[in-house]
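Residue numbers (my numbering), protein chains in the order written: chain A, 1 to 249; chain B, 1001 to 1392.
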């Protein structure tokens, strides 16, 4: 069953589009890696999906609706973990969880149950009444992660999740992602850490200069590049070189 | 050598520009008027007191202690910036040129405060002591010399100890500076002894500086703190864009959050109430304007004037808070929440209305001894409501 459907999307901040004619789908229980160089259009793609940018052409459907058709349903269907943690400096960790739960319409009992599990998993139980100014980069990241997982949406959008997390934090995040996947959620993850992407993602979307260069499982990609036994790093480098050659030819 | 001078000159120009930019708002703001009143009232009280002061009043000691302590506070203004600890490293041997400029600016910019305090004290010295006018004005020169030495010694001490134990240094300099001024106002020539002591202290510190690397980290820290406190000060008068407001929990106000039960519709109210109470900028803005309104309502007994003041301040409070809480500059997570966009505006309106009510109650209580005080809350609530509805 399709959860996210991105169809021929063109868009960006200014008149010159950053992403062009972008199309891909995400299904239930799938972890998809969005891979690309700096400036390839990963963040712009994400901004279109979360609705802070609107596509100039094409449409994005989440659980069958576009943002315009049903804003409430669209927004309830996903949570987002940005690359740089965005926290309210004036709220404690506990209040961040409470605010998120309120906004997504969770009842207090669910909030208590779910946050207990998450706080334990990410070893933050003792920091409930702390303000973000006392948190390290990794802890701030954990607050974002906990808020996103608290809601239990059908789509998770995670931008560069591993930077700043300690090894235990990375493991907890991977465990959480795995559990949600098995429960039927889809996860879109953008990252530069290719070895982790290769190991955990069911499918990979390779973005290059605003377009989908290739997408599919690792085997699909190896076939497309005619490089059996290649790692994602090899494929990636091959892709960028190919592009250079085309440009110089 | 020239390059260091131009680095300083450039920074100095930028720094002065920055100060001027914000001082303009300070001198035109409402607090400036309050200051003028306070200075006027203080000056009047002082001149009245001079008429009755006893001849045995220890004026020399008072002047010495006040001016001496002010002299001691000689935090260097270096205008160093964070990247300097990387980019200026190869120029370490030329840094003394730069610091010379910095110390000169520190001296001139800080001399004013002790000098003004001394000059304000001159009428007292004339009244109480038998010093001649010439002796008293020689004292000003002496204050300048002491300031010069104090600036150099605080700089050297911070340099040598990388900012550690500065209180020790200040304590020593305070004692010697106080004794020096006290002596110059009583025994005259003996003050030279204390001056020599201070010079010896500075020279010793300078010798220790010779083989030490520049303590960039400490000076940059100092610089950042200084600019931050300036921006905080300026922020009382105008909005300083790059200033992140400081946050305090104010746990005693936690009770206010009880008005917002756990419900999806209350998401924005949950956030906005906490943002207002815990952000110093918003909270103190309301407190300050309410306090001014209350004080004027209490002491001015011309009803018409208190109404105008209360109305003007209610307008300022409402408008500023509304804009501050509705400004949508940076990305916030609540922009993604599945809640209608208008709820933010509704929550802010609810809060601002409530604050106008509180302001009305406080000001009315303070005005209770005045004739027709009951008009004041009506004015405040009416003006505030109109501001909420008519502003964008």
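All C-beta atoms, glycine included, are put in the ideal place defined by N, C-alpha and C.
Am I right that residue 1388 of chain B and residue 1318 of chain B are in contact with their C-beta atoms under 8 Å? What's the rounded C-beta distance? Along the second chain, read from residue 1 onward, the residue named residue 1388 of chain B stands at position 388. Along the second chain, read from residue 1 onward, the residue named residue 1318 of chain B stands at position 318. About 6 Å separates the two Cβ atoms, so the contact holds.
Find out if the Cβ-Cβ distance for the pair residue 1219 of chain B, residue 1078 of chain B is shorter than 7 Å. As a first step, residue 1219 of chain B is located in the second chain; it is residue number 219 there, counting from the start. As a first step, residue 1078 of chain B is located in the second chain; it is residue number 78 there, counting from the start. Yes, they are a contact pair.
Should the stretch 1206-1225 of chain B be regarded as contacting the stretch 1152-1162 of chain B, the criterion being three or more beta carbon pairs within less than 8 Å? Output reads yes: the stretch 1152-1162 of chain B touches the stretch 1206-1225 of chain B.
Could you tell me the boundaries of the beta strand (DSSP E) in which residue 135 of chain A lies? Within the first chain, the letter at position 135 stands for residue 135 of chain A. If you look at residue 135 of chain A, you'll find it isn't in any beta strand (DSSP E); DSSP assigns it neither H nor E.
Looking only at C-alpha atoms, which of A:218, A:163, A:100 sits nearest to residue 152 of chain A? The sequence position of residue 152 of chain A within the first chain is 152, counting from 1. Closest by alpha carbon: A:100.
Helix, strand or coil for residue 1040 of chain B, going by three-state DSSP, please let me know. In the second chain, residue 1040 of chain B corresponds to position 40, counting from 1. The answer is helix: DSSP assigns residue 1040 of chain B an H, G or I state.
Is any heavy atom in the ligand SAM found nearer than 6 Å to the beta carbon of residue 169 of chain A? Ligands displayed in this structure: none; no statement on the ligand SAM is therefore possible.
I want to see whether chain A comes within less than 7 Å of residue 1257 of chain B, judged by CB atoms only; does it? The residue you call residue 1257 of chain B lines up with position 257 of the second chain. Taking Cβ atoms only, chain A never reaches closer than 7 Å to residue 1257 of chain B, which makes this a no.
Step through the CB atoms of chain B and report whether any lies within less than 7 Å of the CB of residue 238 of chain A. Along the first chain, read from residue 1 onward, the residue named residue 238 of chain A stands at position 238. It does not; no Cβ of chain B falls within 7 Å.
Considering residue 1284 of chain B, what are the terminal residues of the alpha helix (DSSP H) in which it resides? Looking up residue 1284 of chain B in the second chain gives position 284. That run of the alpha helix (DSSP H) goes 1280-1299.
Secondary structure of residue 1054 of chain B, DSSP reduced to three states: On the second chain, residue 1054 of chain B is found 54 positions in, with the first residue counted as 1. DSSP places residue 1054 of chain B in the coil class of the three-state scheme, outside both helix and strand.
Residue range of the alpha helix (DSSP H) that residue 178 of chain A falls in? Position 178 of the first chain, counting from 1, holds the residue named residue 178 of chain A. Unbroken alpha helix (DSSP H) run through residue 178 of chain A: 167-182.
Comparing alpha-carbon positions, which option in B:1126, B:1085, B:1116 lies nearest residue 1058 of chain B? Taking the first residue of the second chain as position 1, residue 1058 of chain B is located at position 58. Checking every option, the nearest Cα to that of residue 1058 of chain B belongs to B:1126.
Cα-Cα separation, residue 85 of chain A to residue 1256 of chain B: On the first chain, position 85 is the one that residue 85 of chain A refers to. On the second chain, position 256 is the one that residue 1256 of chain B refers to. C-alpha separation (whole angstroms): 28 Å.
State yes or no: is the beta carbon of residue 50 of chain A nearer than 7 Å to at least one beta carbon in chain B? Locating residue 50 of chain A in the first chain gives position 50, where the first residue counts as 1. Using beta-carbon distances, residue 50 of chain A counts as an interface residue toward chain B, with a partner under 7 Å.
Cα separation between residue 116 of chain A and residue 182 of chain A? Sequence index remark: in the first chain, residue 116 of chain A carries index 116 (1-based). Sequence index remark: in the first chain, residue 182 of chain A carries index 182 (1-based). Rounded to whole angstroms, residue 116 of chain A to residue 182 of chain A spans 21 Å at the Cα level.
Alpha carbon to alpha carbon, what distance is there between residue 1091 of chain B and residue 118 of chain A? For the purposes of this step, residue 118 of chain A is taken as residue 118 along the first chain, with counting starting at 1. For the purposes of this step, residue 1091 of chain B is taken as residue 91 along the second chain, with counting starting at 1. Roughly 52 Å between the two C-alpha positions.
Enumerate in chain order the residues of its own chain whose CB-to-CB distance from residue 1149 of chain B is below 7 Å, with the five nearest sequence positions on each side excluded. Position 149 of the second chain, counted from the start, is the residue given in the question as residue 1149 of chain B. For residue 1149 of chain B, where only same-chain residues beyond five positions count, the Cβ hits under 7 Å are 1198, 1199, 1202.
I need the DSSP call for residue 1334 of chain B, collapsed to helix, strand or coil. Against the second chain, residue 1334 of chain B aligns to sequence position 334. Secondary structure of residue 1334 of chain B (DSSP, three-state): helix.
Assuming residue 77 of chain A contacts residue 154 of chain A (C-beta within less than 8 Å), just tell me the rounded distance between them. On the first chain, residue 77 of chain A is found 77 positions in, with the first residue counted as 1. On the first chain, residue 154 of chain A is found 154 positions in, with the first residue counted as 1. The pair is a contact, with the Cβ atoms about 5 Å apart (cut-off 8 Å).
Looking only at its chain, what residues have a beta carbon closer than 7 Å to the beta carbon of residue 1001 of chain B, apart from the 5 residues adjacent to it on each side? Locating residue 1001 of chain B in the second chain gives position 1, where the first residue counts as 1. In this predicted model, residue 1001 of chain B has a pLDDT of only 49, less than 50, meaning its place in the structure is not dependable enough to derive any value.
Alpha carbons only, please: which of A:184, A:197, A:192 is nearest the one belonging to residue 174 of chain A? To locate residue 174 of chain A, count along the first chain from 1; it is residue 174. Cα-wise, what sits closest to residue 174 of chain A is A:197.
Considering only residues of the stretch 1166-1217 of chain B, which uninterrupted beta strand (DSSP E) runs meet the minimum length of 3 residues and lie entirely inside it, listed in chain order? DSSP runs (the beta strand (DSSP E)) wholly in the stretch 1166-1217 of chain B: none.
Within-7 Å CB hit, residue 1412 of chain B to chain A: It is not possible to answer for residue 1412 of chain B, since the shown part of chain B is limited to 1001 through 1392.
Going by beta-carbon coordinates alone, are residue 1381 of chain B and residue 1360 of chain B separated by less than 7 Å? By 1-based counting over the second chain, the position of residue 1381 of chain B is 381. By 1-based counting over the second chain, the position of residue 1360 of chain B is 360. A contact, by the Cβ cut-off of 7 Å.
Stretch-stretch touch, CB-based, cutoff 8 Å, three pairs: the stretch 1265-1276 of chain B with the stretch 1336-1350 of chain B: At 8 Å Cβ cutoff, the stretches touch.
Candidates A:31, A:88, A:35: which alpha carbon is nearest residue 206 of chain A's? By 1-based counting over the first chain, the position of residue 206 of chain A is 206. Of the candidates A:31, A:88, A:35, the one whose C-alpha sits nearest the C-alpha of residue 206 of chain A is A:35.
By the criterion of Cβ-Cβ separation under 7 Å, what are the contact partners of residue 1266 of chain B in chain A? By one-based count along the second chain, residue 1266 of chain B stands at place 266. Correct list: 102.
So, with DSSP's three-state summary, where would you put residue 1001 of chain B? If you number the second chain from 1, residue 1001 of chain B lands on position 1. Because residue 1001 of chain B sits at a pLDDT of 49, beneath the cut-off of 50, its placement in the model cannot be relied upon, and the point is left open.
For residue 240 of chain A, which option in A:135, A:214, A:229, A:223 has the closest C-alpha, if you only look at C-alpha atoms? If you number the first chain from 1, residue 240 of chain A lands on position 240. Ranking the options by Cα distance to residue 240 of chain A, first place goes to A:214.
Between the Cα of residue 1 of chain A and those of A:17, A:8, A:27, A:11, spot the shortest distance and give me the residue it belongs to. The count along the first chain starts at 1 and reaches residue 1 of chain A at position 1. Among A:17, A:8, A:27, A:11, the Cα nearest to that of residue 1 of chain A belongs to A:27.
Status (buried if at least 16 other CB within 10 Å, exposed otherwise) for residue 1169 of chain B: Position 169 of the second chain, counted from the start, is the residue given in the question as residue 1169 of chain B. Here residue 1169 of chain B is buried. Its C-beta has 16 or more other C-beta atoms within 10 Å.
Start-to-end residues for the beta strand (DSSP E) that takes in residue 190 of chain A: For the purposes of this step, residue 190 of chain A is taken as the residue at position 190 of the first chain. Unbroken beta strand (DSSP E) run through residue 190 of chain A: 186-190.
Can you give me the start and stop residues for the alpha helix (DSSP H) that residue 1116 of chain B sits inside? Position 116 of the second chain, counted from the start, is the residue given in the question as residue 1116 of chain B. Counted as a single uninterrupted DSSP element, the alpha helix (DSSP H) harbouring residue 1116 of chain B occupies residues 1095-1128.
Can you find a CB in chain A that lies within less than 7 Å of the CB of residue 1046 of chain B? In the second chain, residue 1046 of chain B corresponds to position 46, counting from 1. It does not; no Cβ of chain A falls within 7 Å.
Terminal residues of the continuous alpha helix (DSSP H) containing residue 1145 of chain B? As a working mapping, residue 1145 of chain B is identified with position 145 in the second chain. Under the DSSP assignment, residue 1145 of chain B falls in the alpha helix (DSSP H) whose first and last residues are 1133-1161.
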